[in-house]
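Student: Residue numbers (numbering that gives the first Met the number 0), protein chains in the order written: chain A, 0 to 572; chain B, 0 to 103. Glycine included, each C-beta is placed from N, C-alpha and C at the ideal position. Note that this is a predicted model, so its numbers are computed, not measured. Before I ask anything, here is the structure I am working with.
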Amino acid sequence: MQEQGHNKMTPVSALRTCRVETDLLIIGGGTAGCFAALTFCKHSKGSVLIAEKADIRRSGCLAAGVNALNAYIAPGKAPQSYVDYARADAEGIVRGDLLLTMSEGLNEAAAELERLGLVILKDAGGGYAMRGERNVKINGENIKPLLAEAVRRHPQIRVLNHVNVTDLTLRDGAVRGAAAIDVRQPVFYEIAARAVLCATGGASGLYRPNNPGFSRHKMWYPPFNTGAGYAMGIRAGAEMTSLEMRFVALRCKGTIAPTGTLAQGVGARQVNARGEVYEGRYGLSTSQRLLGTVTENAEGRGPCCLRTAGITKGQSDDLLRAYLNMAPSQTLRWVESGRTPDVADVPIEGTEPYIVGGHTAAGYWVSTARETTLPGLYAAGDAAGGCPQKYVTGACVEGAIAARAAARALAETAGQQGGAETAPPAQSALAEAEGFLRRGQSGEQTDALEEEMQSVMDEYAGGIGQGYQCHAEGLAEADGKIRALEARAGGLGAADMQGLTWIYELRDRLTLCRSLIAHLAARRETRWPGFVRRADYPAKDDAFLLYVNSRMQGGEVSILHRPLVGEAETYEH
Amino acid sequence: MSIEVDRAACTGCGRCADICPGSLLALDESGAAFIARPERCWGCASCVKECAAQAIALYLGEDIGGLGGRLTVRRDGPLLHWAVRLAGGETKVITVDGRDANRY
Ligand SMILES: Cc1cc2nc3c(=O)[nH]c(=O)nc-3n(C[C@H](O)[C@H](O)[C@H](O)COP(=O)(O)OP(=O)(O)OC[C@H]3O[C@@H](n4cnc5c(N)ncnc54)[C@H](O)[C@@H]3O)c2cc1C
Ligand code: SF4
Ligand code: SF4
């Protein structure tokens with residue numbers, strides 16, 4: 000069941016309140032959210048509501064399509080092999096319990112995606128054709144429409160498209176719903192739920208991007224995943240983990256298109272301006288491959304490229320098609336410049352840092368069942384921490400694990416008062432939204448504050464401009480400046496729902512920046528030099544073989560250290 | 000990086016406005032689609048694929064070395080016929096069959 004609004008934008012001053020009730024509320028109808036909804040219905044007769052800020056047919060990371068399923072256990076390999084790989088890649092800072100429970104479900108998630116209609120390349124024996132040890136080749140152009148169609152057909156699931164969740168609502172410390180705004184209509188939503196899953200993805204746009212001018216949103220991670228899910232949890236006092244493990248991607252220069260297809264698909268090596276292959280010199284972990292490129296550039300041997308020149312015309316044509324299925328801008332670049340990959344190497348660069356729990360371990364601190372420290376709130380996919388290298392299939396598995404846990408919890412509390420009676424009030428959220436609207440148009444100002452935030456983070460909290468380096472004094476400076484921006488953001492105004500949404504996006508990014516800065520300051524070592532280097536603590540220090548976690552209380556971020564959790568454990572809060 | 004709408008070709012169906020993951024498109028008073036803030040576009044081409052009238056084209060901003068080419072697509076069952084119209088007027092078509100997986 001799906002609801003559509005009309006498309007005209009109208010100036011707004013007051014909001015109509017719409018109350019909605021459900022058993023399970025899923026915030027964010029992306030990969031994890033859609034898969035969770037479908038899984039929940041296999042285990043419960045309860046109702047599901049997906050609140051999605053865009054349209055689930057093309058929202059989040061999968062909007063443009065993807066090129067492969069990056070997480071799959073090859074025949075003859077055990078799930079533990081994936082755990083070992085992800086742990087080594089993250090220099091030990093992972094949750095063994097989360098990685099193992101995810102790895103055990105990867106192949107079933109791939110099979111389910113195939114049942115939904117995803118085209119997966121087969122080998123001669125009829126099994127999935129592997130790209131390396133962990134990737135399965137697909138046609139991922141329509142992966143999101145396929146998931147959305149399965150959701151649309153399910154009678155238990157209701158989708159509210161174009162509804163942006165702004166805050167969680169709590170009663171007696173437990174999450175019991177959320178407040179939201181329609182991004183096009185003047186409507187405020189008060190959603191009451193017996194369980195809530197946060198599946199809002201990760202956060203882009205905290206740092207000054209590669210292309211800060213007109214193409215500022217031509218970034219790798221979706222500019223519309225603004226860290227809202229982290230921020231609403233942080234404000235409600237949820238514990239977060241490993242935010243300092245930022246993700247910096249190695250991407251095609253200009254278009255910021257993925258490079259894995261070139262590196263793994265046609266075996267393109269990283270070469271510097273002198274034509275030397277440098278990738279082996281720095282190590283082959285995700286962070287080291289990036290570090291290599293950054294260092295070669297910093298030491299004057301850039302620009303760096305992936306060596307594709309010399310591949311066949313046939314390979315080049317296949318690449319042009321492959322990129323149309325996931326990053327059409329790269330194919331456009333190749334065609335309009337005439338510098339197709341068979342005739343010219345592909346220039347590469349590191350992106351600005353993102354917070355993305357599907358690639359690194361940053362995100363909500365969750366139990367093995369993916370419940371956060373706020374009772375009643377689960378997290379999955381890029382929003383959930385501790386479990387890097389999830390990618391599409393891993394996000395699906397986490398959604399499924401959280402959905403099963405929510406179904407169990409709802410079965411246990413069945414018959415108890417639910418829904419509307421226990422819906423906590425969301426008046427303060429409504430008052431805040433109407434406050435922004437009463438002040439009227441100030442779109443320029445929202446943009447200006449966003450740019451200022453990105454400059455502060457770039458300069459003082461280890462952005463591209465600083466070669467991803469930071470130090471204690473700079474981070475303290477960043478914290479002060481972000482606090483000042485938070486105060487100014489409170490006085491912004493909007494004339495329509497889209498302007499209001501953009502204010503919330505800025506607010507959420509600022510909230511996340513505060514916590515991120517505290518995490519960066521707390522890890523006084525350099526563990527993933529490609530992702531972040533502490534200029535004042537340039538070496539790895541195994542006293543920091545632990546999780547840096549945080550909680551916001553009374554507007555202040557407090558840091559906790561927690562010991563590593565292995566795969567033999569079942570972790571409960 | 001952004002998109003532009005060919006107002007003459009737009010039928011005003013509104014599908015692009017529904018699909019954009021950033022809700023960046025809307026219909027103006029005359030019922031044609033427009034993008035008020037082109038610099039907020041991610042370049043995902045969702046709207047390009049959604050528009051049955053091929054009224055939306057993707058282009059690369061000059062700040063990232065765009066050369067004026069325009070990318071549109073025509074859907075024909077499982078086939079996507081992508082067309083790059085070069086600044087000089089020449090058009091190159093690349094067809095992708097949705098039933099084929101990527102080789103790489
Ligand atoms: C460009 C790109 C290419 C990738 N390629 C591959 C690949 O080839 N293979 C692979 O395996 N993995 C790939 N990945 C990784 C993979 O796509 C992600 O890890 C995974 O899809 C994350 O799923 P998610 O559900 O956590 O996030 P998403 O799928 O992004 O879902 C988050 C959803 O929440 C919504 N949302 C956000 N905030 C709010 C709010 N406040 N209120 C309501 N809704 C909200 C968003 O609109 C979105 O729909 C790629 C990622 C990107 C960005
Ligand atoms: S989808 Fe195409 S025809 Fe329909 S409103 Fe948008 S631009 Fe116009
Ligand atoms: S390309 Fe994507 S982000 Fe840009 S306007 Fe179209 S749908 Fe929106």
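Sort A:Ala-413, A:Thr-330, A:Ala-35, A:Leu-115 by Cα distance to Tyr-58 (chain B) and report the nearest one.
Tutor: It is A:Thr-330.
Student: For a test of the three-state rule: what should DSSP assign to Gly-418 (chain A), helix, strand or coil?
Tutor: With a pLDDT of 48 at Gly-418 (chain A), under the threshold of 50, the modelled position of that residue is not reliable, and the figure given next carries that caveat. Looking at Gly-418 (chain A) - three-state DSSP - the assignment turns out to be helix.
Student: Is Glu-49 (chain B) near ligand 2, judged by its Cβ being under 8 Å from some heavy atom?
Tutor: Yes.
Student: Could one say the Cβ of Glu-298 (chain A) lies closer than 9 Å to chain B's Cβ atoms, at least one of them?
Tutor: Not one chain B Cβ lies under 9 Å of Glu-298 (chain A).
Student: For Gly-201 (chain A) versus Ala-382 (chain A), is the C-beta distance shorter than 9 Å?
Tutor: Going by C-beta atoms, Gly-201 (chain A) is nearer than 9 Å to Ala-382 (chain A).
Student: My understanding is that Gly-375 (chain A) touches Val-162 (chain A), with C-beta atoms under 8 Å, so please give their C-beta distance in whole angstroms.
Tutor: In fact, because the Cβ distance is near 20 Å, the residues do not count as touching under 8 Å.
Student: Roughly how many angstroms separate the alpha carbons of Arg-73 (chain B) and Cys-50 (chain B), rounded to a whole number?
Tutor: About 9 Å.
Student: Using only the heavy atoms of ligand 2, determine whether one of them is closer than 8 Å to the beta carbon of Arg-14 (chain B).
Tutor: Checking the Cβ of Arg-14 (chain B) against ligand 2 gives yes.
Student: For the putative contact between Ala-493 (chain A) and Gln-440 (chain A), defined by C-beta atoms under 8 Å, what is the C-beta separation to the nearest angstrom?
Tutor: That pair is a contact at about 7 Å.
Student: Which bits of chain A does Leu-59 (chain B) rub up against, with CB to CB less than 9 Å?
Tutor: Within chain A, the residues near Leu-59 (chain B) are Ser-214, Lys-217, Gly-253, Thr-254, Ser-328, Leu-331, Arg-332, Glu-335.
Student: Rounding to the nearest angstrom, what Cα-Cα distance links Arg-57 (chain A) and Ile-142 (chain A) in this structure?
Tutor: Computed Cα separation, rounded: 9 Å.
Student: Would you say the beta carbon of Glu-51 (chain A) comes nearer than 8 Å to a heavy atom of ligand 1?
Tutor: Result yes, Cβ under 8 Å from ligand 1.
Student: Is the separation between the beta-carbon of Gly-68 (chain B) and that of Val-83 (chain B) shorter than 9 Å?
Tutor: Yes, the pair counts as a contact, with Cβ atoms nearer than the cut-off.
Student: Between Glu-119 (chain A) and chain B, is the shortest Cβ-Cβ distance under 9 Å, so that the two count as touching?
Tutor: Here residue 119 (chain A) is Ile; the residue named in the question, Glu, does not match the sequence. Yes, Ile-119 (chain A) counts as interfacial toward chain B.
Student: Give a yes or no on whether the minimum CB-CB distance between Leu-544 (chain A) and chain B is below 9 Å.
Tutor: No, no contact with chain B.
Student: Check Val-82 (chain A) in the structure and name its three-state DSSP category.
Tutor: Three-state result, Val-82 (chain A): helix.
Student: I want to verify the contact list: residues of chain B whose CB lies under 7 Å from the CB of Asn-141 (chain A), in sequence order.
Tutor: Within 7 Å Cβ-Cβ: Gly-97.
Student: Need the endpoints of the beta strand (DSSP E) that Ser-557 (chain A) sits in, please.
Tutor: 555-561 is the span of the beta strand (DSSP E), which, as asked, contains Ser-557 (chain A).
Student: With a threshold of 8 Å (Cβ to nearest heavy atom), would Ser-1 (chain B) be considered close to ligand 3?
Tutor: Answer for Ser-1 (chain B): yes, Cβ within range of ligand 3.
Student: Would you call the segment 213-229 of chain A and the segment 60-74 of chain A in contact, with 3 or more CB pairs under 8 Å?
Tutor: As far as the Cβ criterion goes, the segment 213-229 of chain A touches the segment 60-74 of chain A, which means the pair count is three or higher.
Student: Are there any heavy atoms of ligand 3 lying less than 8 Å away from the beta-carbon of Ala-44 (chain B), as far as the coordinates show?
Tutor: Yes, Cβ of Ala-44 (chain B) sits closer than 8 Å to a heavy atom of ligand 3.
Student: Take Thr-285 (chain A) as the anchor and find which of A:His-358, A:Lys-41, A:Gly-464, A:Val-82 has the nearest alpha-carbon.
Tutor: Cα-wise, what sits closest to Thr-285 (chain A) is A:His-358.
Student: Shorter than 9 Å from the beta carbon of Val-182 (chain A) to some beta carbon of chain B?
Tutor: Val-182 (chain A) counts as touching chain B.
Student: Measuring only the C-alpha atoms, how far is Tyr-229 (chain A) from Asp-5 (chain B)?
Tutor: If you take the alpha carbons of Tyr-229 (chain A) and Asp-5 (chain B), they lie about 39 Å apart.
Student: Which runs of the beta strand (DSSP E) spanning at least 3 residues fall entirely within the segment 244-280 of chain A, listed in chain order?
Tutor: 249-251, all fully within the segment 244-280 of chain A.
Student: When you compare the CB of Ile-354 (chain A) with every CB in chain B, is at least one pair closer than 9 Å?
Tutor: No, its Cβ sits nowhere closer than 9 Å to a Cβ of chain B.
Student: In the DSSP assignment, what residue or residues form a beta bridge with His-80 (chain B)?
Tutor: Answer by DSSP bridge pairing, in chain order: B:Arg-73, B:Thr-94.
Student: Could you check which residue in A:Leu-545, A:Gly-28, A:Cys-40, A:Arg-508 has the C-alpha nearest to that of Val-455 (chain A)?
Tutor: Among A:Leu-545, A:Gly-28, A:Cys-40, A:Arg-508, the Cα nearest to that of Val-455 (chain A) belongs to A:Arg-508.
Student: Whose CA, out of A:Arg-234, A:Gly-131, A:Val-118, A:Gly-45, lies closest to the CA of Thr-165 (chain A)?
Tutor: Closest option to Thr-165 (chain A), Cα to Cα, is A:Arg-234.
Student: I'd like to confirm something about Trp-219 (chain A): is its beta-carbon nearer than 8 Å to some heavy atom of ligand 3, or not?
Tutor: Flag unset: Cβ of Trp-219 (chain A) not near ligand 3.
Student: Can you give me the C-alpha to C-alpha distance between Ala-419 (chain A) and Ala-191 (chain A), rounded to a whole angstrom?
Tutor: Legend: pLDDT at Ala-419 (chain A) = 46, less than 50; position of this residue unreliable, no value from coordinates given.
Student: When you compare each of A:Asp-54, A:Leu-242, A:Ala-404 to Ala-360 (chain A) by their alpha carbons, which one comes out closest?
Tutor: It is A:Leu-242 whose Cα lies nearest to the Cα of Ala-360 (chain A).
Student: For a quick check, are the C-beta atoms of Val-174 (chain A) and Pro-387 (chain A) less than 9 Å apart?
Tutor: No.
Student: Around the C-beta of Asp-17 (chain B), are 16 or more other C-beta atoms found within 10 angstroms, so that it is buried, or is it exposed?
Tutor: Under this definition Asp-17 (chain B) is a buried residue.
Student: What residues in the segment 217-245 of chain A bring their beta carbon closer than 7 Å to a beta carbon of chain B?
Tutor: Going along the segment 217-245 of chain A in chain order, one finds Lys-217, Pro-221, Pro-222, Phe-223 with a Cβ nearer than 7 Å to chain B.
Student: To test your reading of the DSSP string, which unbroken beta strand (DSSP E) runs of 3 or more residues are found completely within the segment 320-372 of chain A?
Tutor: DSSP runs (the beta strand (DSSP E)) wholly in the segment 320-372 of chain A: 345-349.
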